[in-house]
Ligand code: SF4
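Residue numbers (full-length UniProt numbering): 1 to 484.
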């Protein structure tokens, strides 16, 4: 991704320098009722996973086969959809998507779901993740005459599914055949004229689960979206599994699941930061993981202080955990302006105001004269963290001790997260003291690497951005954000 200085600065948001990747939500009402408005509420619950663009595609399983309607655009769910355009989306099977671009630029063409009209019919596809072999697959298709309309790797997946569908007996077999060629992170929802198909890569980088409400079935990135639409959680889609929802029930194919589940590699950062705290991923509650991270920080890196505070919102549960374990009172130091939207004009670096100050303010009375333990989920470039430490000190805090509920970021991510290259990471090539000095804190400690395994109750996980141990060989060419 190309960064200029101003953009580099403004890209650091208050919660973290990291952006979420994407969220997917699909629904199939077997009674034939229109479903788009339910998908709209589902996407609302997944808005934290992507704020650049969103879309919904619907079809009527009792209508003509080549009739998928789609509405998508740039912006938040409530900016792109209104009662008028939702009303026009008629059909009982649907797939929706919220996007933050980790591959491909931020344009309307790249918004999802993608709808493909091809020889055998139509399909709509929503994807969360990043492929590491997207470039090879794309070139392979281009050599056979394929013309791409977008710059996203999701279109490569859609093309492969469509291509495989020509020879496959069913849509789910085509998805499975396409998956054999894909390398990388993907949680997919594919809508064919009569079926809703969910698939998760064998490593299980990104979450995907199934829900049910009366005679309607759902597929979604996070369980919190099921709660929002009043659906019950049925189960997670297993890493490598393909599930097919039809009125006959849920069919499952586990041919691509690893025989040895220890090869699975769930993104540990979903638990630390991405997912909403009320989500449960593969049986592990995200909120409980974050509380645990805070407790471990208190055990491993104690400090004498008067108050523990979290950097909103994602630092709060870990701060509560730290307070519980240490006995230091938990308090509120920051008031966040929740109304700063996507269209917020970010101040230039030369201006006195910073993005951080516009989004966060310090409660001076709460911090004045106190020794503060400040908990955040991560430090990326260090700019935001330094500004927040300064804000606390300017407000009269006597000491600021920073505790981070993840290990230091030392390597980029190729699996759907925009963790940048080493030269942009504050921790890369620096000692702990040097990082501490650069963020102007009194002391600094990170979560220890060996604590990660305790955050998701022993499920196999990916920690490549901290350790450099990539579960899949990274691409030789860094295609993140540059495809096409
Ligand atoms: S490299 Fe980091 S952010 Fe990327 S999938 Fe692995 S744990 Fe998640």
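Beta carbons: idealized from backbone N, C-alpha and C, even for Gly.
None of the values given here were measured: they were computed from a predicted structure.
For the ligand SF4, a non-hydrogen atom lies closer than 7 Å to the CB of residue 419.
When C-alpha distances from residue 58 are compared across 41, 34 and 79, the shortest belongs to 34. Sequence-distant Cβ neighbours of residue 438 in its own chain, meaning closer than 8 Å and more than five residues away, are 382, 386, 426 and 430. Pairing residue 287 with residue 317 gives a Cβ-Cβ distance under 8 Å. The region 277-313 contains, as complete alpha helix (DSSP H) runs of 4+ residues, the segments 286-300 (chain order).
In this structure, residue 50 keeps its C-beta atom at 8 Å or more from the C-beta atom of residue 111. For residue 22, the enclosing beta strand (DSSP E) stretches over residues 22-29. Per DSSP, the unbroken beta strand (DSSP E) holding residue 212 starts and ends at 209-213.
The nearest non-hydrogen atom of the ligand SF4 is less than 7 Å from the C-beta of residue 463. Rounded to the nearest whole angstrom, the CA to CA distance from residue 47 to residue 23 is 8 Å. When the beta-carbon positions are compared, residue 125 and residue 188 come within less than 8 Å of each other.
DSSP, reduced to helix, strand and coil, places residue 110 within a helical segment of the structure shown.
Shortest gap from the CB of residue 267 to any heavy atom of the ligand SF4: under 7 Å. Shown here for residue 68: same chain residues with a beta carbon closer than 6 Å to its own, the five before and five after excluded, namely 57, 59, 115, 122 and 124 in chain order. Straight across, the Cα-Cα distance linking residue 292 with residue 321 is about 6 Å. Secondary structure remark: continuous beta strand (DSSP E) runs of at least 3 residues inside the region 381-441, in chain order: 399-404.
Excluding its 5 nearest sequence neighbours in each direction, residue 268 has C-beta neighbours in its own chain below 6 Å: 452, 461 and 463, listed in chain order. The beta carbon of residue 399 sits closer than 6 Å to the beta carbons of 371 and 442 from its chain, once the five residues preceding and following it are set aside; these are given in chain order. Closest in alpha carbon position to residue 233, among 240, 250 and 212, is 212. Sequence-distant partners of residue 229 (beyond 5 residues in either direction) whose C-beta falls short of 6 Å from its own C-beta, in its chain, are 38, 41 and 42.
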